[in-house]
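Below you'll find the structure, written out as structure tokens, and then a few comments.
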Amino acid sequence: MFQKRKEMETFSLMLDKLLNGEDLDAHIEYLDDLPSKIRYQLLRLSEKMKEIKAQSEKERNEVRRRIAETAHQMRSPLANMKSYLELLENAESEKERAEYTKAAENAGEQLHFLTEGFIKTARLENHIIQIRREADALSHTIMQSILKVKKAADEKHIFIELDMDEKLETAHDANWLGEAVYNILENSVKYSPEGSVIHVSAIKNEMYTHIAVSDAGIGIEEGEEGKIFRRFYRGKKTNGQPGFGLGLYIAREIVLMHGGFVKAARKDPGLEISVFLP
Amino acid sequence: MKNNNKKVIVQFAKKQYKAEFKRHMVLIFAAAFAVMTLFSVFSFAYGKLETDMLREARMRGAVSNTKLEDATKEQYEQIKKLHYVKDVGKCIQFGNLSVSTCAVLDDAAWEKIKKPAFTDICGTYPKEKMEIMLPVSVLDAMQIKEPYVGMKVHAGISFFDENAKAGEYDFVLSGYYTEYIDTVRYGLPETYFSKEFLDSVSGTGYPDMTLYIRQNDTMSGIDAENALYRDVETRDVNQQFLGYDTAAGKAFFTLAGGFDTALILAVVILISAGLLIYNVLHISFQSNVRGYGLLKTIGTTKKQLKDIARLQIKKDVLYGSLIGMTAGILIALVLIPALLSRMYLYGFGSAAGMITFHPLFLAASVIFVGIAAYFCSMLAVRRTLKLTPVEAMGYMENIGGVNLRKKSIRKKRHIVSVPYMAWRNILRFKKRFFISAACLSLGFIVSLGIIMISKGVDTKNEIEYDLPDISVITRMNENFYQSYKPCDIFPDSLINRIQAVCENQNCVVERGGFGEIAVENEVFDPVREGMDTSIYFYRMPCTVQIKSDEYLSRLKAFAEEQGLYLDVDPVLNGDGVIFLHDHRLSHEGIEMSKDTIGKTLEIYGENNTKADMRFCGYLDIRQENLPDINNTWMSGNGVFLIVSEKGFGNIPVTKQNFLVNICADADKRAALGREVKKLTEEYNSLYPPDEYGNQDFRTLDIQLKTDILQEMRDYIVSNRLALGALCAVLLLMGIVNYMDVEIAGISIRKKELAVMESIGLTGKQLKRMLILEGVFYSTIITAITGFFGGGILFLAGRIMSKRMDYFVFRYPIAEFIVCAVALFISCAVIVLLLYQWYGKRSVSEKLRMYTD
Amino acid sequence: MDILTTKDLKKIYRTPSGEVRALDGVSISVEEGAFVSVTGSSGSGKTTLLNMLGGLDSPTEGSVIVRGEDISKLKNDELTVFRRRNIGFVFQDYNLVPVLNVYENIMLPLRLDGREADDAFIERIIDTLKLCDKLDSMPYMLSGGLKQRAAIARALSAKPAVILADEPTGNLDSVTGMEVVGLMKSSAELFHQTIVVVTHNEEIAQMTDYIIRIEDGKVRG
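Residue numbers (numbering that gives the first Met the number 0), protein chains in the order written: chain A, 0 to 277; chain B, 0 to 851; chain C, 0 to 220.
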């Protein structure tokens, strides 16, 4: 009886600590009785609370960072625009006026592209966008993405090969997945040399549908396989190429929302990016 | 405060139980079998004990005949207080009525000692002066066919005390009873009187009081006798304690050769049952090791695992006990009484009223099995728990657990063949093999032991040993002779006719005569008190029997060997006599007898002729291992002398024939018996009984061994049946153990066999391998039984021979061979059956089913 | 923070033919949330290391610290309860209790502790692992891949901090194997757990955050 009361008092103390945001003594005994179990559960609760706190801290930091980054990223095109508009004001020749206008337009495009990307990302991250998965012919979706990127590919004389069963169906959101595939393709095209081939395949397994995009481009360094999917990450080998490092990130988020995952594998030469859809 | 995780354990145990029900069937069967056999065996043994006890008591006419004659009141009080004395009763015998002895009993003697030996008791023990209680056999002899309580009985009594007047009286029947007394060994039945009557007719004081003592049943007669001598002072040199096993004691002795052997037997049976349970459980748990290992990995504590095991074993014991109990009860209520009463008490009344169902035994069996099962299962679980989860999960049952700490490297390489595999398979699990082999061998050896003992002990042996096939013997002793002399008590003519009938058979005639001796002679000091000097003042009749020189020489050697106080040489020379008595010397008396040797004893014949002989000592006819004397009747307290042929020539006593013993060939026994019986009865018709129904002592008594054997036959047969059943039970337990081991073994080996089959082991080869396993196993068992068993049996035989001089040791070869053959057959058959049961599915199915 | 640490871990077996040093001074640490693989050739000691981490076997020397607790110091039953609450196991074979169906198998660790299941969570696991229509099946009815998925579900169900897997794809074909590991990876990400996988398959090892290589009982490189 006395023992029980003491135990209860200890638990009350622990709960108070939790409420006050203090740390619990991490050392507990592992016995197969009720008090030991409760202590363990309290410890887990404390950890969870800490985790939530840390998570929200992280998110807040993220937001702050993002704002900073965004601002930073936008600064360039904005500055450009400002410069060119100023120049436009002082332009004397028609030719100069056209040149400067074009430049300003470009900057505007860039800004547009950036903000669109940001919005998309934000919406994705906040789960505002719903991914609606319907069993559909995957070939259709992939074809669409290929078509979208064809123009850029053709410019570099890059041939895109599609190898898959036409009738292959899998549950997916055609729009979003299409975007993801497009992003990946775009990436491949951007970093592939002229005249190379990009190989696209899709296979359905017992558990997954595996979409693979292989290119013979510049590839990535060892150890970067996980990192390239991070936001704003630009591979070490990409110096000189335009890009923000968002495309693969968005693609990954989309795939994750489908319940699948992405994987990058270095090839010699080039890179293969796989999408696994459940 | 315990964690609230009980439910999952209970549910898991239930699920596992259901899923593995086949395995549990084996356990349940083992438990049921154990309960059933334990209960049946002990019930039966107890029942047999009770029946034997009844039988013995009825035969004796008393529950115990350890007694003290001529006892005093003080001695009575003393004896009553002794801790090993259960009951003491007073009995006074004072005369004869028809073919019974007149006696008065006190309450204890009647209620505790005599009454249980009688059946169909009507009425009560006499209370009023003229009330009497008669045995039905005596009423029959008196031509009273339909007695009833209260009827008038007119009878004549002759008294031992010669001062009391023999006479006829009118009595009232207060009761009557049926007795089964063996009159040859234990004397005439008794008619009971009230104390008042005795008081009224007794002349010069009380006839001597005999105390009937019932010692604790576990105490043998000899031990009781010695203890009584030690604890109670005898009045004088001549007063004797006569100790005998109680009826219960004797029954125990007959059943198992003694309390100690019975205990050993009981322990062996319990061990057998325990081994059976242990083995079965052990095997059952082996297949669970990996499962427990996995559970432990997931997070099941030791206690939880133990609980799971406990819950399941409870169920097994419960179901097993229920089944065992039902079977056992059926046996107890139906089979056992049938066996016991129909056969055992044949000729000794019925077993009506004897309860053969003892709930106590049932409860004890269930409890024993429960405890054994619980204990063994905890042992088995413990072994599992000792392993770390890694070891447990890596536990490969087929190899019997690879303990990484003890890697043994097999050095030799063998050619792998079917016989080789069979051999390795048997030895695969050393411990399991040894235990089940031990169980089976134990059962085998004990069974053989029981057979050997029972055969050696068999009453048949007793009879074979003790009695000749045909015996015609005079009823006369020296006292009765006085009434009939002079007469030829057993004419030569009859002897010749008998011998003529039994030509070529072994006939022995014992001869002697009746003379007189002087009472005052100092040689009789050791037995003086017992001598009936009320009638005989100066001279007393005596019986003198002649023994051959050949016998006397044997006796001489025997006396020297045993260190008896006997001087046989003068007897051989023709001038000595030996006093033969029935255990009449007290311990002091034996010492005193030393001094009597060498003294002169006058023997008187007719017409005051006499001869001086040398007294050569006392010989107790009950001396252990004494060569058979073939004596004629010994009167209770009379003088019985032994002389040589030469010696008899020196004394002036008329030679008489006493008896003729015939040992006939087995095939002629029955016929000759009938012939001689006819002759004897013809002769006896010359001397019919008198008007009171008292017999004439000139008649001859004939005893045919075949008649006795006939009576005994049923007893012997059922005895053998019972013991045979017991042996079968023991053997069965061993075989069931083996069967369980094999069943469990097969279920474990399914996977391995499936793999072998897929590699290419044909069904035929598999059969061969399994049969060979059975054969190897049986061979090993037979070898063990042969060697160890032989030694043990031999030892046991020696011990038994020492205890009972009529014990015959013979190694039960026939039974051994029969059992061995049965063993071989059952081992092989069991294995084949199991193979059938295993083999029906396709290989891939089997592989799939039996792999994880 | 580091959720798994070993300090100079040694496991030595004595055999008639001499000493076998399965682990010869291994010191590693794994941070929370990581997906780590342990590779090495056969007999290198990687399984032994995993067994040490999970308290399935006791070290000859050195210590193993899980979630701040030195498990080499815990007694038998304490260790068992610790395992129950903090570690989930997936083995190469024989993972499921044969007498229970798939659902019961998954729930077993929780039930052993008398704890309530997070139904939504369990459903999510079952969904992710595609076990919905196999919940009533008994283990012997399932294929290897299904059994492993069920094993993973069980390992996840009690939300342990650490999941240890010993050659979980050993008995599976390469495609199924990849799927299983992929599943573990996404599950780990979704449910924020630390996973240590022992494998000799390089492809699988590549899918993890980083690789610990063991050779002759020691960490290489």
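Think of the CB as a built atom: it goes at the ideal place given N, C-alpha and C, for glycine as much as any other residue.
Check                                                                                                                                                                                          : Outcome
Nearest chain C C-beta to Thr300 (chain B) closer than 9 Å, yes or no?                                                                                                                         : yes
Grouping DSSP H, G and I as helix and E and B as strand, with all else coil, what is Tyr139 (chain C)?                                                                                         : helix
Does Gly17 (chain C) pass the burial test, meaning 16 or more other C-beta atoms within 10 Å, or should it be called exposed?                                                                  : exposed
Any Cβ of chain A within less than 9 Å of the Cβ of Glu188 (chain C)?                                                                                                                          : yes
Mapping the DSSP letters down to three states, classify Val9 (chain B) as helix, strand or coil.                                                                                               : helix
Using the Cα positions of Met51 (chain C) and Leu155 (chain C), report the straight-line distance between them to the nearest angstrom.                                                        : 20 Å
Is the distance from the Cβ of Asp207 (chain B) to the Cβ of Glu73 (chain B) below 9 Å?                                                                                                        : no
Comparing C-alpha positions only, which one of C:Ser40, C:Met106, C:Leu49 sits nearest to Leu294 (chain B)?                                                                                    : C:Met106
I'd like to confirm the pairing. Which residues does DSSP put opposite Asn656 (chain B) in its beta bridges?                                                                                   : B:Arg510
Indicate whether at least one CB of chain B lies closer than 9 Å to the CB of Asn224 (chain C).                                                                                                : Look at the range of chain C in this structure, 0 to 220, and you will see that residue 224 (chain C) is not part of it.
Please state if the CB of Gly225 (chain A) and the CB of Tyr190 (chain A) are separated by a distance shorter than 9 Å.                                                                        : no
So for Gln285 (chain B), helix, strand or coil by DSSP?                                                                                                                                        : helix
Strictly below 7 Å CB to CB, what residues from chain C border Phe260 (chain A)?                                                                                                               : Gly181, Lys184, Ser185
Note down the Cα distance separating His586 (chain B) from Val231 (chain B), rounded to an integer number of angstroms.                                                                        : 13 Å
Whole angstroms are fine: how far does the CA of Arg57 (chain B) sit from the CA of Gly352 (chain B)?                                                                                          : Low per-residue confidence applies at Gly352 (chain B): pLDDT is 45, beneath 50, and the placement is therefore not dependable, though the value from the model is reported in the following sentence. Cα to Cα, Gly352 (chain B) sits roughly 16 Å from Arg57 (chain B).
Looking at Tyr211 (chain B) and Val87 (chain B), is the spacing between their C-beta atoms short of 9 Å?                                                                                       : yes
What is the DSSP secondary structure of Gly575 (chain B), reduced to helix, strand or coil?                                                                                                    : strand
Can you tell me which of the three DSSP states Cys101 (chain B) falls into?                                                                                                                    : strand
Whole angstroms are fine: how far does the CA of Asp214 (chain A) sit from the CA of Val180 (chain A)?                                                                                         : 14 Å
When the Cα atoms are used, what is the spatial distance from Lys36 (chain A) to Leu30 (chain A)?                                                                                              : 8 Å
Measure from the C-beta of Phe88 (chain C) to each C-beta in chain A and report whether the shortest distance is under 9 Å.                                                                    : no
Write down the C-beta distance between Ser193 (chain B) and Glu110 (chain B) rounded to the nearest angstrom, noting that I regard them as a contact closer than 8 Å.                          : Ser193 (chain B) to Glu110 (chain B), Cβ: 16 Å. No contact.
Assuming Leu565 (chain B) and Gly648 (chain B) form a contact by the criterion Cβ under 8 Å, report the distance between their Cβ atoms to the nearest whole angstrom.                         : Rounded, the Cβ-Cβ distance is 22 Å, inconsistent with contact.
Since Tyr617 (chain B) is in the beta strand (DSSP E), which residue starts that stretch and which ends it?                                                                                    : 609-619
Looking at chain B, which residues of the region 15-43 of chain A have a Cβ within less than 7 Å of any of its Cβ atoms?                                                                       : Asp31, Asp32, Leu33, Pro34, Lys36
Straight-line CA distance for Ser492 (chain B) to Thr679 (chain B)?                                                                                                                            : 12 Å
Quick one: list the residues of chain B neighbouring Val98 (chain C), beta-carbon separation under 9 Å, in chain order.                                                                        : Phe11, Lys14, Gln15, Tyr16, Lys17, Ala18, Glu19, Gly290
Could you work out which residues of chain B lie near Asp76 (chain C), taking near to mean beta carbons separated by less than 8 Å?                                                            : Thr300, Lys301, Lys302
Any residues in the region 205-219 of chain A with a beta carbon nearer than 8 Å to a beta carbon of chain C? Which ones, in chain order?                                                      : Glu205, Met206, Tyr207
Could you name the residues of the same chain whose beta carbon sits closer than 8 Å to that of Asp695 (chain B), not counting the 5 residues immediately before and after it, in chain order? : Tyr686, Pro687, Pro688, Asp689
Write down the C-beta distance between Gly94 (chain B) and Ile180 (chain B) rounded to the nearest angstrom, noting that I regard them as a contact closer than 8 Å.                           : With a Cβ gap of about 18 Å, Gly94 (chain B) and Ile180 (chain B) do not count as contacting.
Can you pull the DSSP bridge partners for Phe88 (chain C)?                                                                                                                                     : C:Leu163
Quick one: what's got a C-beta closer than 7 Å to Cys726 (chain B)'s C-beta in the same chain, skipping five residues either side?                                                             : Ser446, Ile449, Ile450
Does Gly26 (chain B) get closer than 9 Å to chain C when you measure Cβ to Cβ?                                                                                                                 : For clarity, residue 26 (chain B) is Leu in the given sequence; the question names Gly instead. Cβ-Cβ to chain C under 9 Å: no for Leu26 (chain B).
Residues in its own chain within less than 6 Å of Leu44 (chain A) by CB, not counting five upstream and five downstream?                                                                       : none
Output the distance between the C-alpha atoms of Ile159 (chain A) and Ala136 (chain A), rounded to the nearest integer angstrom.                                                               : 19 Å
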